[in-house]
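Protein chains: 2
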Amino acid sequence: MSGFGPGDPFLADCPARLTVELIADKWTAVVLYGLSEGPVRHGELIQLIGGISRKMLTQTLRRLEAHGLIRRHAYAEVPPRVEYELTPLGATLIDPIRMLTEWARTNGDAVLDALDSGPPEPVARNG
Amino acid sequence: MSGFGPGDPFLADCPARLTVELIADKWTAVVLYGLSEGPVRHGELIQLIGGISRKMLTQTLRRLEAHGLIRRHAYAEVPPRVEYELTPLGATLIDPIRMLTEWARTNGDAVLDALDSGPPEPVARNG
DNA sequence: CAGCATCCCCGCAGATACTG
DNA sequence: CAGTATCTGCGGGGATGCTG
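Quick note, the sequences are listed as chains A and B, same order. If you read the first sequence in the numbering used here, its first letter stands for residue 479, the second for the next number, and so on. If you read the second sequence in the numbering used here, its first letter stands for residue 479, the second for the next number, and so on.
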């Protein structure tokens, strides 16, 4: 069993794990998606996304910037204006992310139904 | 700006957020991927994935089961044998996940390069 | 407006030991 | 072998206040 090769994505210390851990964050995908239509300001993202704190947003943006997925543009104005936009590299991640949203749109209800249907066994799973 | 509609995926309290938060977990995608080729035992997953603790694996499996993405099969044998497999619903998530791995395979190096290139500004981002 | 620093708490996740 | 229970720590992440 396990037809996975040693260099197979995802398992063990393969390159794909990097990406997963990059995406496997509450906000990463959401932020990237928020930038998918062009440059957006910090404050706009806050409202657009909804539910994210300034701290988490900045943190996420910094990480994405460090990973080369987005670019930061600070304009020397008052009041300050800072825009973020996808890099070409970052833009390539939008498609995969969009697939996730498509999946959600299609199967979201099914997941919710499963959740409602209640846990198979209340407790005591041994044996 | 923001050509996103109110019901648009990802932003605010849209359905896609459910999926993101489902996937936005260190192990969810990895476990699903591990099951993508057929039923796998608990212990096999541990070794296959590498780095996950029994506790986290069980926890992840339970959640996926609750969400209707995987199914649990416990065989009344000694020693006990338990297999997990994707449900049809869960199987539909493999494609999106695979896209992520494809992306990683293609762009993983670019991300690592960006990381090495160092942070744009060492410190003091204000202004 | 954007961002950093600080404080603080809750929960994730590892380690360990026990049961069926 | 599979799973649970308990303890513990570390860090994620919110709230707040200050700076440019």
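Using N, Cα and C, we set each Cβ at its ideal position, and we do this for glycine too.
Sequence-distant residues of its chain with Cβ nearer than 8 Å to residue i (five each side left out)
i: residue 567 of chain B; result: 546, 547
i: residue 527 of chain B; result: 505, 508, 509, 512, 535
i: residue 518 of chain A; result: 512, 526, 561, 562, 563
i: residue 553 of chain A; result: 559, 560, 561
i: residue 485 of chain B; result: With a pLDDT of only 49 at residue 485 of chain B, under the threshold of 50, the placement of this residue in the model should not be trusted, and no figure is reported.
i: residue 565 of chain B; result: 546, 547, 548, 549
i: residue 529 of chain B; result: none
i: residue 590 of chain B; result: none
i: residue 516 of chain B; result: 563
Cross-chain neighbours of residue i in chain B, by beta carbon under 8 Å
i: residue 578 of chain A; result: 494, 497, 498, 501, 574
i: residue 545 of chain A; result: 589, 592, 593
Listed by chain order, chain A residues near residue i by CB distance under 9 Å
i: residue 571 of chain B; result: 578, 581, 585
Candidates the options: closest to residue i by CA position
i: residue 502 of chain A; options: B:515, B:575, B:592; result: B:575
i: residue 557 of chain B; options: B:499, B:533, B:594, B:521; result: B:521
i: residue 495 of chain A; options: B:591, B:582, B:595; result: B:582
i: residue 573 of chain B; options: B:497, B:514, B:538; result: B:514
i: residue 497 of chain A; options: A:553, A:596, A:580, A:571; result: A:571
i: residue 592 of chain A; options: B:516, B:593, B:591, B:549; result: B:549
Contact set between residue i and chain A, taken where Cβ atoms lie within less than 7 Å
i: residue 551 of chain B; result: Per Cβ cutoff of 7 Å: no residues; residue 551 of chain B is ~11 Å from chain A at best.
Other residues of its chain near residue i: CB distance less than 7 Å, five sequence neighbours each side excluded
i: residue 532 of chain A; result: 524
i: residue 580 of chain A; result: none
i: residue 500 of chain A; result: 506, 545
Nonlocal neighbours in the same chain, by C-beta distance under 6 Å from residue i, ignoring five residues either side
i: residue 551 of chain A; result: 561
i: residue 594 of chain A; result: none
The region 534-554 of chain A contacting the region 558-566 of chain B, beta-carbon criterion three pairs below 8 Å
no
To be precise: take each residue of the region 554-567 of chain A, compare its Cβ to all Cβ atoms of chain B, and keep it if any distance is under 8 Å. Which residues remain?
554, 558, 567
Residues within the region 502-513 of chain B neighbouring chain A, beta-carbon criterion of under 7 Å
502, 503, 504, 507, 508, 511, 512
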